[in-house]
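Input: a single structure, listed below in structure tokens.
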Amino acid sequence: MNILVCISVVPDTTTKITFTDNNSQFNREGVQFIINPYDELALTRALEITEKSGGEVTVIHVGGVENEPSIRKALAIGAHKAIRINKNPNDAQEAASEIANYAKDKGYDMILTGRESIDYNSGQVCGLLGAMLSLPSINVVMGLDVVDGQAVLTRDIDGGRETISCGLPLVASAQKDLVEPRIPNMRGIMAARTKPLEVLEPTGESNFSAHQSYDLPEPKSAVKMISPDNAGELIRLLREEAKII
Amino acid sequence: MSVLVYIEINKGEVKKASLEAAVYGAKLAQQLGVNCNAIAIAEQAPSGLENCGISKVYHIQDTNAFDPMRHASAVEAAATTSGASTIIISNSYAGKSIAPRVAVRMQAGISSGVVALPVSVNPIVVKKGVFSGKAFAHVELTKSINVLALTPNSIEIESIPGEAAVESISPELSASPSYAITDTQVQSGSIPLTEAELVVSAGRGMKGPENWGMIEELATVLKAATACSKPVSDMEWRPHSEHVGQTGITIKPNLYIAIGISGAIQHLAGVSSSKVIAVINKDPEAPFFKAADYGIVGDAFEVVPKLIEAAKNLS
Ligand SMILES: Cc1cc2nc3c(=O)[nH]c(=O)nc-3n(C[C@H](O)[C@H](O)[C@H](O)COP(=O)(O)OP(=O)(O)OC[C@H]3O[C@@H](n4cnc5c(N)ncnc54)[C@H](O)[C@@H]3O)c2cc1C
Ligand SMILES: Nc1ncnc2c1ncn2[C@@H]1O[C@H](COP(=O)(O)O)[C@@H](O)[C@H]1O
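Each protein sequence line maps, in turn, to chains A and B. In terms of this note's numbering, the first sequence opens at residue 33 and continues consecutively. In terms of this note's numbering, the second sequence opens at residue 1329 and continues consecutively.
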């Protein structure tokens, strides 16, 4: 079983988001970058599956050299090798097009992504890869097993949950609850230094979109405080002032 | 040129998120001066799409369970038949799983998490949520065909004249190989969180799962859905499907009542786009108050019963 895990590198979840150049650029100054949390889940589950059935886990990242520390971390967690496509993608379509070009003749049994990248929140790469490679794509899975060469996946649907049985190869995106993410240990960190990290030049499509500018949400007007002794007043205000109940 | 809206149907009824997509599509079509049509893949043609500004409803009679590949090929067929240049899909779980596949099939561009009508249509520039609710981006789409995946609760449903004349089509559909849904669990009775307009949510301040009775009761009297913070679902006090935030689900209800939740940045990421936020916390320094419209500093165990009482007295 050979599995490709797609990794995006994102600002740490506690980052205060600001912009520069007249709100046209994300301000990277002082920001700590991490592996997208959902991708760590995908990676951990991929490792568990290959530990049981044999095979290798490759991680792939489409991005600049500045993201190599996160790729090394993925190797320290246990991935066998890594690919970096040397391009800063403008959107999910550019990233997916690079990954699809790389993966198309490699015969992976599974390609895993995160449910969404917590910076651009597009949640598209899984479906894009599925369509580009003519493979089934199953989104937002919190359960993934391989039984007799068939994948068994559970995923959320609107107002419930379903279990899917699907043949390999496939593309799936990881959601929390899939596994507890693994923390790299000393041995993993040492081993990561000598694991292969191959850098390839981009070959995919571009020019799907252009980011024009960013806005921050409107600042909230001051909070209206209500005395706890008269808590029912909240309900009255929600009806008469806010007019939402 | 025209606009096409993908319609999801649940037990014969058009889902609320799809009505929003229809209204969005109709308004965009007005901006562009073209028609707006819809595609529904279901056993029966949907009713309830009249007065959503839809000219024609393409109906594909299909009794198969939802399969992203199958539905994406159906949308492509309807888009080609109707000459659609913009395709509107709700960013629901089903919508998310087909929108990117439709984009690839149509060699189109795509933007998901769209929260407002385009500010300009030539070229099309959309506003979408980024950084988990912490910011918005204005994105210009450069392809001649584009897919927009619309965040639920981003547009008011309103009445727009439209005949919604049903036209049956039966294109050849693709299907995922050896793909089967082997089990479906539906949360019965309760309101699905992603569609809820009102949400009552509680955190670790509730001390234990045995105290959730009052949270559920407040939700019931307000006809709200229930949600929770991450530690609450991690400790299995509440089901994981209720966890909101950066690593849980993102919601955008009209009202979010947060009870005994501190308001950590990762929690706010999932709820900060709510129209009105009311916070009940015994700690006046709780960060959540900074994001709130209404606040009560008090003990949830005393405040919540008073809220239930007051809500029951509303008529
Ligand atoms: C990578 C990452 C991702 C995360 N993702 C999420 C996420 O998606 N969603 C999420 O929720 N969290 C997330 N977290 C966790 C987040 O940082 C907080 O730890 C969490 O939101 C705290 O939950 P809480 O407010 O319920 O609990 P606490 O922080 O323990 O707060 C409990 C609150 O209840 C109040 N309280 C106590 N007793 C009472 C009472 N009797 N009456 C009224 N108020 C009372 C306290 O004053 C306190 O403010 C994430 C963290 C990380 C690192
Ligand atoms: N630049 C990238 N390189 C590799 N994988 C990516 C990249 N961007 C996104 N992905 C993968 O696609 C998932 C969903 O991202 P998105 O569709 O951008 O929200 C992420 O969780 C990653 O697994």
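For each residue, glycine too, the CB sits at the ideal point set by N, CA and C.
Heavy atom of ligand 2 within 8 angstroms of residue i beta-carbon
i, result
"A/Val37", "yes"
"A/Ile277", "no"
"A/Asn153", "yes"
"A/Gln156", "yes"
"A/Ile146", "Before going further, note that residue 146 of chain A is Gly rather than Ile in the sequence given. Result yes, Cβ under 8 angstroms from ligand 2."
"A/Asn133", "no"
"A/Ser40", "yes"
"A/Asn68", "yes"
"A/Ala124", "yes"
"A/Pro121", "yes"
"B/Asp1621", "no"
"A/Asp2", "Outside the shown range of chain A, which is 33 to 277, sits residue 2 of chain A, and nothing can be said about it."
Of the listed residues the options, nearest to residue i (C-alpha basis)
i, options, result
"A/His243", "A/Ala124, A/Ile277 and A/Asn217", "A/Ala124"
"B/Leu1469", "A/Ser238, A/Lys136 and A/Asp180", "A/Ser238"
"A/Asp151", "B/Ala1586, B/Ser1440 and B/Asn1450", "B/Ser1440"
"A/Pro249", "B/Gly1457, B/Val1514 and B/Pro1612", "B/Gly1457"
"A/Thr145", "A/Ile276, A/Ala204, A/Thr50 and A/Gly139", "A/Ala204"
"A/Thr45", "B/Ala1357, B/Gly1626 and B/Ala1592", "B/Ala1592"
"B/Glu1538", "B/Gln1515, B/Met1563 and B/Glu1523", "B/Met1563"
"A/Asp190", "B/Gly1423, B/Asp1611, B/His1595 and B/Lys1603", "B/Gly1423"
"B/Gly1626", "B/Pro1615, B/Lys1610, B/Phe1616 and B/Ala1619", "B/Lys1610"
"B/Ala1492", "B/Ile1335, B/Lys1634, B/Val1385 and B/Ala1619", "B/Val1385"
"A/Leu229", "A/Gln57, A/Gln156, A/Arg116 and A/Gln182", "A/Arg116"
"B/Ala1366", "B/Ile1388, B/Val1572 and B/Ser1448", "B/Ile1388"
"A/Thr187", "B/Lys1618, B/Ser1496, B/Gln1594 and B/Thr1512", "Correcting the residue identity first, residue 187 of chain A is Arg in this sequence and not Thr. Among B/Lys1618, B/Ser1496, B/Gln1594 and B/Thr1512, the Cα nearest to that of A/Arg187 belongs to B/Thr1512."
Proximal residues of chain C, C-beta to C-beta of residue i below 9 angstroms
i, result
"A/Asp151", "Included in the structure are the protein chains A and B, with no chain C among them."
Cβ-heavy atom distance, residue i to ligand 1, below 8 angstroms
i, result
"A/Arg193", "no"
"B/Ser1590", "yes"
"A/His93", "no"
"B/Ser1557", "yes"
"B/Asn1609", "yes"
"B/Phe1616", "yes"
"A/Lys48", "no"
"B/Ala1568", "Position check: residue 1568 of chain B holds His in this sequence, whereas Ala was assumed. No, the beta carbon of B/His1568 sits no closer than 8 angstroms to any heavy atom of ligand 1."
"B/Ala1597", "yes"
Nonlocal neighbours in the same chain, by C-beta distance under 8 angstroms from residue i, ignoring five residues either side
i, result
"B/Val1549", "Ile1636, Ala1639 and Lys1640"
"A/Leu269", "Lys256 and Ile258"
"B/Gly1545", "Note that residue 1545 of chain B is Glu in the sequence shown here, rather than Gly. Answer for B/Glu1545: Ile1636, listed in chain order."
Same chain, Cβ closer than 6 angstroms to residue i, neighbours up to 5 away in sequence not counted
i, result
"A/Thr90", "Leu36 and Lys113"
"A/Asp209", "Met174"
"B/Gly1536", "none"
"B/Ser1413", "Met1329 and Ile1473"
Boundaries (first-last residue) of the beta strand (DSSP E) holding residue i
i, result
"A/Gly199", "Gly192 to Gly199"
"B/Glu1468", "Ala1463 to Leu1469"
"A/Gly110", "Per DSSP, A/Gly110 belongs to no beta strand (DSSP E) and is neither H nor E."
"A/Leu176", "Ser169 to Val179"
"A/Phe65", "Phe65 to Ile67"
Other residues of its chain near residue i: CB distance less than 7 angstroms, five sequence neighbours each side excluded
i, result
"B/Glu1570", "Leu1521, Thr1554, Ala1555, Cys1556 and Ser1561"
"B/Tyr1622", "Ala1606"
"B/Leu1631", "Reading off the sequence shown, one finds Val at residue 1631 of chain B, where the question assumed Leu. Same-chain partners within the cutoff: Ile1608 and Ile1624."
"B/Ile1485", "Leu1347, Glu1348 and Val1351"
"A/Ala135", "Leu36, Ile143 and Leu165"
"A/Ala106", "Ile39, Ile67, Leu75, Val91 and Ala114"
"B/Pro1612", "Val1625"
Host alpha helix (DSSP H) of residue i (start-end)
i, result
"A/Met222", "Met218 to Ala224"
"A/Asn133", "Ala124 to Ala135"
"B/Lys1384", "First-last for B/Lys1384: Lys1384 to Gln1389, but that is the beta strand (DSSP E), not the alpha helix (DSSP H)."
"B/His1595", "Ile1593 to Val1599"
"B/Pro1520", "Unbroken run through B/Pro1520: none, as it is neither H nor E."
"B/Glu1495", "Taken as a continuous stretch (DSSP letters only), B/Glu1495 belongs to no alpha helix (DSSP H), being part of the beta strand (DSSP E) at Ala1493 to Ser1496."
"B/Arg1433", "Tyr1421 to Arg1433"
Any non-hydrogen atom of ligand 3 within 8 angstroms of residue i CB
i, result
"B/Asp1627", "This structure lacks ligand 3; the ligands present are ligand 1 and ligand 2."
If contact means a Cβ-Cβ distance below 9 angstroms, which residues of the region 84-96 of chain A contact chain B?
none
Using a beta-carbon distance cut-off of less than 8 angstroms, what residues from the region 236-259 of chain A approach chain B?
Asn239, Phe240, Ser241, Ala242, His243, Gln244, Ser245, Tyr246, Asp247, Leu248, Pro249, Lys252, Ser253, Val255, Lys256, Met257, Ile258 and Ser259
For the region 192-206 of chain A, which residues have a beta carbon sitting closer than 7 angstroms to at least one beta carbon of chain B?
Contacts with chain B (Cβ-Cβ distance below 7 angstroms) from the region 192-206 of chain A involve Gly192, Arg193, Glu194, Thr195, Ile196, Ser197, Cys198 and Gly199, listed in chain order.
At a Cβ cut of 8 angstroms, what residues of the region 207-231 of chain A count as close to chain B, listed as they run along the chain?
Here the close residues are Lys208 and Asp209.
Quick one: which residues of the region 154-167 of chain A get their C-beta closer than 8 angstroms to a C-beta of chain B? List them in chain order.
Ser154, Gly155, Gln156, Val157, Cys158, Gly159, Leu160, Gly162, Ala163 and Met164
Compile a chain-ordered list of the residues in the region 1397-1410 of chain B whose CB is closer than 9 angstroms to at least one CB of chain A.
Answer set for the region 1397-1410 of chain B: Met1397 and Ala1400.
Check distances from the C-beta atoms of the region 59-75 of chain A to those of chain B and list, in chain order, the residues that come in under 7 angstroms.
Pro69
Members of the region 166-182 of chain A near chain B, C-beta cut-off 8 angstroms
Pro168, Ser169, Ile170, Asn171, Val172, Met174 and Gln182
Near-chain A residues of the region 1431-1444 of chain B (beta-carbon distance less than 8 angstroms), N- to C-terminal order
Ala1431, Val1432, Arg1433, Gly1437, Ile1438, Ser1439, Ser1440 and Gly1441
In the region 1462-1480 of chain B, which residues sit with their C-beta less than 7 angstroms from some C-beta in chain A, listed in chain order?
Lys1462, Ala1463, Phe1464, Ala1465, His1466, Val1467, Glu1468, Leu1469, Thr1470 and Lys1471
Using Cβ-Cβ distances below 8 angstroms, what residues of the region 1614-1627 of chain B are close to chain A?
Within the region 1614-1627 of chain B, the residues whose Cβ lies closer than 8 angstroms to some Cβ of chain A are Phe1617, Lys1618, Ala1619, Ala1620, Asp1621, Tyr1622, Gly1623, Ile1624, Val1625, Gly1626 and Asp1627, listed in chain order.
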